[in-house]
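Mapping the sequence shown onto the UniProt record's numbering, position 42 (from 1) lands on 42, and the numbers just tick up by one.
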Amino acid sequence: MTASEQTAVRVAVRVRPQTARERSNREKDCIACNITTRQRSFTFDYLFDPSSTQQDIYNQSVRPLVDAALSGYNATVFAYGQTGSGKTYTMGSSSWDGLTEDDLGMLPRALKQIFEERGRREQSSNMILRASFLEIHNEELRDLLSIPSTLPFGIGARRATLQIREDPQGGIYFAGAEEREVESFRDMCELLEQGTARRAVGSTEMNAHSSRSHAIFTLIIEQRLIRESDFLIALNTSDGAGTEDGANLAEEEYIVSKFHFVDLAGSERLKKTKAEGERLKEGININSGLLALGNVISALGDEQKRHSVHVPYRDSKLTRMLQDSLGGNSRTLMIACVSPVDSNSEESLNTLKYANRARNIKNTPIINRDPNSHLIAQRSRKSVGLRQFSGLLLSPAMA
């Protein structure tokens with residue numbers, strides 16, 4: 001893929017099974033997979049019915065993004081849907097204690113693949129992995145990996161809020177966010193457990209363990225790729241032995257990619273959640289951020305207006321956070337999670353509408369090469385060439 005080529009945001013829809021509570025209430029299903037009904041039909045890149053496993057979803061929709069990230073592309077997976085629709089379970093961004101291998105979500109499966117691939121590439125690349133873990137709670141961006149600072153007089157503790165900044169190339173970064181280098185999958189699991197324990201969760205009428213914040217886990221993949229240079233091969237002697245310089249020097253390339261895993265808090269109908277006090281405030285802020293996200297998706301998904309309409313990225317922290325992932329330098333997958341039951345039909349329909357619009361968003365992903373890496377390689381080739389040429393001039397056979 002060249003720098004000028006565009007690729008659409010991919011969309012997967014996951015219909016979760018009915019919960020025990022819904023079965024006891026004898027809820028009726030309102031969503032049919034692979035069947036066009038007279039009410040409303042949608043077409044998506046992937047469709048996973050209630051019988052689909054975590055492995056099915058990963059292999060078909062997420063694994064290609066892992067391969068892209070390892071090739072130097074930025075990538076994003078984000079789960080979208082109402083509260084209780086299965087987003088956190090699908091992403092695997094909560095605690096993994098007690099989960100079977102089959103229950104592992106997209107995040108741990110992707111991390112496993114990346115660490116396995118790092119082991120296989122030891123001879124051809126040097127890979128450094130760093131991670132950050134953030135949340136947006138009540139429109140404040142907070143670092144889940146930082147140690148909270150103690151307030152005066154020993155009154156509890158709180159984490160410092162972070163700011164979203166834009167780099168000279170137009171990319172988004174999180175100023176002050178802690179990035180930790182990780183050496184193993186076990187290290188990564190411990191890091192995620194630490195961050196998850198600090199994430200804002202709470203109970204509502206619709207979900208006993210409702211995420212009260214949007215969370216973004218980012219893996220930064222730095223790679224020093226080592227390739228044998230064609231120039232060096234050409235300088236090897238005819239007997240194949242090669243020269244000392246030619247045998248030991250290889251061409252290097254540096255690439256840095258970011259892989260974002262985003263678990264959004266669920267959209268809520270406040271009458272259904274019966275939220276009060278702090279939960280009500282959280283619900284209002286959650287809905288406000290998701291409304292802003294919906295407006296961004298609508299602006300970018302309108303093929304006729306996308307180049308002339310203003311895209312309201314700055315309307316919320318959430319949309320600023322996802323700016324690169326929607327319409328920017330990223331290969332992006334949206335997993336729309338929906339409830340199958342009739343009592344949630346309105347929320348499910350709204351989720352499917354936004355997911356349908358998201359398929360029209362065009363991104364422009366590129367391989368993120370270090371701009372100086374080709375100059376380093378070029379200097380290395382020139383240096384070897386001069387040394388080889390000097391050796392020929394000083395050779396006794398040419399005296």
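Glycine included, C-beta positions come from ideal geometry on N, C-alpha and C.
Skipping 5 residues on each side, what residues in its chain have a beta carbon closer than 7 Å to that of residue i?
i: ALA175; result: LEU162, GLN163 and ARG165
i: VAL11; result: PHE44, ASP45, MET334, ALA336, ALA355, ALA358 and ARG359
i: ASP103; result: GLN54
i: GLY86; result: ARG14, ARG16 and CYS337
i: TYR173; result: ARG165 and ASP167
i: ILE367; result: SER71, GLY72, TYR73 and ILE255
I need the DSSP call for residue i, collapsed to helix, strand or coil.
i: PHE185; result: helix
i: ASN363; result: strand
i: ASN138; result: coil
i: GLU222; result: strand
i: VAL311; result: coil
i: ALA12; result: strand
i: ASP143; result: strand
i: THR196; result: helix
i: ASP263; result: strand
i: GLN163; result: strand
i: ALA177; result: coil
i: ARG40; result: coil
i: SER303; result: The sequence shown places Glu at residue 303, not Ser. Residue state, collapsed to three classes: coil.
i: SER298; result: helix
i: SER257; result: strand
i: GLU252; result: strand
i: ASN126; result: strand
i: ARG63; result: helix
i: SER288; result: helix
i: ARG212; result: coil
Under 8 Å by Cβ, that's how I've got residue i and residue j pegged, so tell me the actual separation to the nearest angstrom.
i: VAL13; j: ALA299; result: Between ALA299 and VAL13 the Cβ distance is about 22 Å, and since that is not below 8 Å, they are no contact.
i: ALA20; j: ARG331; result: Wrong, their Cβ atoms sit about 37 Å apart, outside the cutoff.
i: HIS310; j: SER213; result: With a Cβ gap of about 27 Å, HIS310 and SER213 do not count as contacting.
i: SER124; j: LEU264; result: Actually they do not touch by this definition, with Cβ atoms about 37 Å apart.
i: PHE115; j: GLY195; result: With a Cβ gap of about 18 Å, PHE115 and GLY195 do not count as contacting.
i: ALA292; j: ASP324; result: In fact, because the Cβ distance is near 16 Å, the residues do not count as touching under 8 Å.
i: GLY171; j: ASN285; result: Not really, about 26 Å apart at Cβ, beyond 8 Å.
i: GLY84; j: SER339; result: 7 Å
i: VAL62; j: ALA110; result: 6 Å
If you measure from the beta carbon of residue i to each beta carbon in chain B, is any gap under 8 Å?
i: ARG306; result: This model lacks chain B altogether, as it is built from one protein chain only.
Which same chain residues, not among the five before or five after residue i, have their C-beta less than 6 Å away from its C-beta?
i: GLU222; result: ILE128 and VAL256
i: PRO50; result: VAL15 and PRO17
i: GLN113; result: VAL66
i: LEU219; result: ALA131 and PHE259
i: residue 400; result: Within the shown structure, residues of the chain are numbered from 1 to 399, placing residue 400 beyond reach of any answer.
i: GLN82; result: GLY266, SER267 and GLU347
i: ARG369; result: ILE255
i: ILE297; result: TYR354, ARG357 and ALA358
i: ARG118; result: MET127
Residues in the same chain with beta-carbon distance under 8 Å from residue i, minus the five sequence neighbours each way, listed in chain order, please.
i: GLU5; result: THR364
i: GLY294; result: TYR354
i: PRO312; result: ALA292, ASN295, VAL296, ALA299 and THR319
i: GLU139; result: ASN285, SER288, GLY289, SER316 and LYS317
**Prompt:** So, do the region 72-85 and the region 256-266 have three or more beta carbon pairs nearer to each other than 8 Å?
**Reply:** Taking 8 Å as the limit for Cβ pairs, the verdict is that the region 256-266 does touch the region 72-85.
**Asked** Which full runs of the beta strand (DSSP E) of 3+ residues lie inside the region 67-123, going along the chain?
**Response** At a cut-off of 3 residues, the continuous stretches assigned as beta strand (DSSP E) that sit fully inside the region 67-123 are 75-80.
**Asked** Whole alpha helix (DSSP H) runs in the region 306-356 with 4 or more residues, listed along the chain?
**Response** You should have 317-321.
**Prompt:** If we count Cβ pairs, one from each stretch, closer than 8 Å, do we get three or more for the region 294-314 versus the region 353-371?
**Reply:** Between the region 294-314 and the region 353-371, the count of Cβ pairs shorter than 8 Å is three or higher; the stretches touch.
**Message:** Using a Cβ distance threshold of 8 Å, determine whether the region 178-192 contacts the region 126-134, with at least three qualifying pairs required.
**Reply:** Contact holds: three or more Cβ-Cβ distances are below 8 Å.
**Request:** May I ask you to verify whether the region 338-351 touches the region 93-105, counting CB pairs closer than 8 Å and requiring at least 3?
**Result:** By the Cβ criterion, the region 338-351 is not in contact with the region 93-105, since fewer than three pairs of Cβ atoms, one from each stretch, lie closer than 8 Å.
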